[in-house]
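Down below is the structure, laid out as C-alpha cells.
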Amino acid sequence: GKDTVLIEFYAPWCGHCKKFAPEYEKIAQTLKENDPPISVAKVDATVATDLASRFEVSGYPTIKILKNGEPVDYDGDRTESAIVERVKEVAQPDWKPPPETVNNADIILVEFYAPWCGHCKRLAPEYEKAAKELSQRSPPIPLAKVDATVENDIASRFEVTGYPTLKIFRKGKVFDYNGPREKYGIVDYMGEQAGPPSKQVQAVKQVQELIKDGDDAVIVGVFSTEQDAAFEIYIEACNALREDFTFRHTFSTEVAKMLKASPGQVVIVQPEKFRSKYEKASNTLTVKDSTSVSEVQEFFKKHVVPLVGHRKPSNDAKRYTKRPLVVVYYGVDFSFDYRKATQFWRSKVLEVAKDFPEYAFAIADEEDYADELKSLGLSESGEEVNVGILGDGGKKFAMEPEELDSEVLRDFVVAFKKGKLKPIIKSQPVPKNNKGPVKVVVGKTFDEIVMDTQKDVLIEFYAPWCGHCKKMEPDYLSLGKMYKGEKNLVIAKMDATANDVPNDSYKVEGFPTIYFSPSNNKQNPVKFEGGDRTVEGLSKFVEKHATKLSQTRDEL
C-alpha cells in the first residue's frame, strides 16, 4: 500500500467539501486499518496552487488516487464504501491504469477474446466489418480487441469469465453490451448506444402526448443547463439502464411548470390509463451534487411500475421480475372500444393490490400468456378472467376458476399469504418401482428426494431427444451402481421436458444439466461444469463435494 495515496483537494469556502469532511474522516480511518495501511491526505488547493494545477484540479472537492506518483482520477460516488473499494483496487500490486484510449473515448466497444475460442473466430469477420463501418461515422465509434489470455489482469478486472465478452466503455466507465453479434446488429446497436441515453423534450405538448397515450411511465429530468452537476448524474444513471427505460430531459421552464418541478428534479409520471386513486400520479426526486448514481437508478426502478400495470412479453423481463407476482389474465385491450371493459377488471384488482404492498400485481392478456395459463392448468377453465400467482423459487399457484370480484381475489391472495395453497407442478406419474441404482425423480417428488436434508444428491436433468444425454447414460448407470451401498448418497435423474423443476436454484438451461445437492446446503447446489461426463469425471465431482460418504465402496 506504500505506493498508493488518496488525496482530496478542497477549498476552505466550499460547502460540498465541508459536507464531505466527516465521510473523508471515516475513509481515512478505514484505510489506516487496512493491511497494509494506505495513506490519506488533504490539500488546500487555494494554498497549494502549483500542486492543484499539476493535477488539473478544476472543482472542489476533487479526489485523486496516486499510484507510484501517477494520478488516477476518481469519478465515482462520494461515499465511504465506493471510495474505499476503488482505492483498495488501485493499491493491488498488479493494478495497471486502463489504456488511454479507453479512458478518453466518449464511447468504445471492446471485445475480450481468446485465440483458441471458436465463437470468437466466428465473430471476428463480423466485428471487423462493423468496425470499418463505424469508423466512418461522424464522430467515429471505435471498436477494439483485447486478447484476454495475454492481458489477463485487464480481463479479470472487468470480470471477463467467458469468450467472447463485449463491453462498452464511456470515459473509462464500463457497461455491458447486450446487442447482436453480427455486422448490422453491432452497427445499429452501437449507433443507438452512442447517442445520448435521454432525449430532450422542448414542448409541453410532447410530454402531454406521452402521458395521454403512453404504455409506460414517462421519466423526465428537469434542469437549467447541460452544465448542471445534476444533469451529469442523471445522464450517467440513464446510461446503464438505457435499454430498460425511456428517458427524457428538458431545459424548458414551461415543461417544468407543467410537471410541477424545479431544475435538478427528476419526475416519473404514470400514463393516464394506469393511474388510480390509491397511488400518486407522479413521483419526484431532487438530485443534489451528493446524490449517487445508484440512488437515481433505484428511484427509477421503484416508481416506474404502477400498482396494477400491464404485463406483456415485451416488458416482462424488465418490469415484472418481482416475486410473488399476482397475475390476472383476460382479454386485455386498451384500444378505444375495449378500454372500458379492460379497466372494469383492472379496478377490481386495484381494490386488492392496494392492501398488499409486498406483492406485485399485474393484468396480462390471455393470448400473450397462453402457455403460462396452460402450465397453471387454467386454459380450459371456462372463466372470462383467471388468476395465478408466480411465487419465489419458480413455484406457481392457480386460483380455482370462479367469477372474479375483489372479494374472491382477496381470499385467494390471503390464502397464499397464509401458506394454504398447493403449488401447481407439471409432473409425470410417480414411478411405482424406484429401486434401481439411478433414482427417477418427477416434479411431484423433487422436494422429497432432491431436497432431503439427510442426503447428498447428484441429479441429472435430461431430455429424451438429447444425444449427449443418451451417450452419457451407460456411465451414469455405472456411477449409480458404484455408489449403491451409500445410504446417504442418491444418484438421480429427471426428464426436464416432462416435469417442472420447482426450485429456482436448479436452473436448467441446456441438456444434460447436472447438479450436486449437498445435504447441508440444498439452496446452493454445485453445477457440474467443464469435467468429463464419464464415471471417472463424475465420481471425482461427487467425492469432491460429498458431505456424507462412508469409506468402503464397490469398485467396478
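First residue of the sequence shown: 10, per the working numbering; consecutive thereafter. Here a beta-carbon is modelled for each residue, glycine too, at the ideal position from N, C-alpha and C.
Rounded to whole angstroms, the Cβ separation of Ser-261 and Gln-211 is 5 Å, and the two are in contact under 8 Å. For Arg-320, the closest alpha carbon among the candidates Glu-307, Glu-495, Val-341 is that of Val-341. When only Cα atoms are considered, Gly-181 and Asn-112 end up about 4 Å apart. Phe-525 is a Cβ neighbour of Val-535, given a cutoff of 7 Å.
Look at Thr-234 here: in three-state DSSP terms it is coil, with no helix or strand label.
A Cβ-Cβ separation of about 6 Å places Ala-114 in contact with Phe-178 under the 8 Å criterion. For Leu-40, the enclosing alpha helix (DSSP H) begins and ends at 24-41. The C-beta distance from Lys-357 to Leu-413 rounds to 6 Å, short enough to fall under 8 Å. Only residues of its own chain outside the window of five on either side were considered, and among them Ala-472 have a CB closer than 6 Å to the CB of Thr-506, listed in chain order. About 13 Å separates the beta carbons of Asp-465 and Leu-488, which is beyond the 8 Å limit, so they are not a contact pair.
Taken atom to atom, the span from the alpha-carbon of Leu-60 to that of Val-96 is near 21 Å. Comparing C-alpha distances from Val-278 to each of Ala-326, Thr-259, Phe-232, Ile-220 shows the shortest one belongs to Ile-220. Taking 7 Å as the cut-off, the beta carbon of Lys-130 is found no closer than this to the beta carbon of Lys-192. Burial is judged here by how many other beta carbons sit within 10 angstroms of a residue's own beta carbon; Trp-125 has fewer than 16 and is exposed. Judged by DSSP in its simplified three-state form, Phe-343 adopts coil rather than helix or strand.
Judged by their CB atoms, Gly-188 and Tyr-172 are not nearer to each other than the 7 Å cut-off. If you look at Gly-476, you'll find it in the alpha helix (DSSP H) that goes 476-491. In this structure, the beta-carbon distance from Tyr-69 to Ala-20 falls below 7 Å. Close CB contacts of Phe-537 within its chain, under the 6 Å cut and outside five residues either way in sequence, are with Ile-523, Phe-550 (chain order).
Linking Tyr-485 to Thr-462 through their CA atoms gives a straight-line distance of about 23 Å.
Between Leu-316 and Glu-288, the C-beta spacing is below 7 Å. A Cβ-Cβ distance of about 7 Å is found for the pair Asp-185 and Lys-176, placing them in contact under the 8 Å criterion. In this model, Arg-284 and Glu-42 are separated by some 52 Å (Cα to Cα). Taken atom to atom, the span from the alpha-carbon of Glu-218 to that of Val-422 is near 36 Å. In this structure, Gly-273 sits near Val-296, with a CB-CB distance shorter than 7 Å. Less than 7 Å separates the beta-carbon of Lys-282 from that of Phe-343. In this structure Tyr-33 is buried. Its beta-carbon is surrounded by 16 or more other beta-carbon atoms within 10 angstroms. Taking Thr-234 as the centre and dropping the five residues before and after it, the same chain places the C-beta of Phe-240, Phe-260 closer than 8 Å to its C-beta, in chain order. With a cutoff of 7 Å on beta-carbon distance, Tyr-347 and Glu-393 are scored as not near each other. For Pro-80 and Arg-190, the gap between their C-alpha atoms comes out near 37 Å. For Asp-156, the closest alpha carbon among the candidates Ala-164, Ile-150, Ser-390 is that of Ala-164.
The C-alpha of Asn-77 is placed about 11 Å away from the C-alpha of Pro-106.
Boundaries of the beta strand (DSSP E) around Asp-504: 498-504.
Going by beta carbons, Val-52 and Ile-16 fall inside the 7 Å limit. Between Glu-469 and Pro-521, the CB-CB gap stays under 7 Å. For a cut-off of 8 Å, the C-beta gap from Glu-375 to Leu-385 is around 11 Å, too long to register as a contact.
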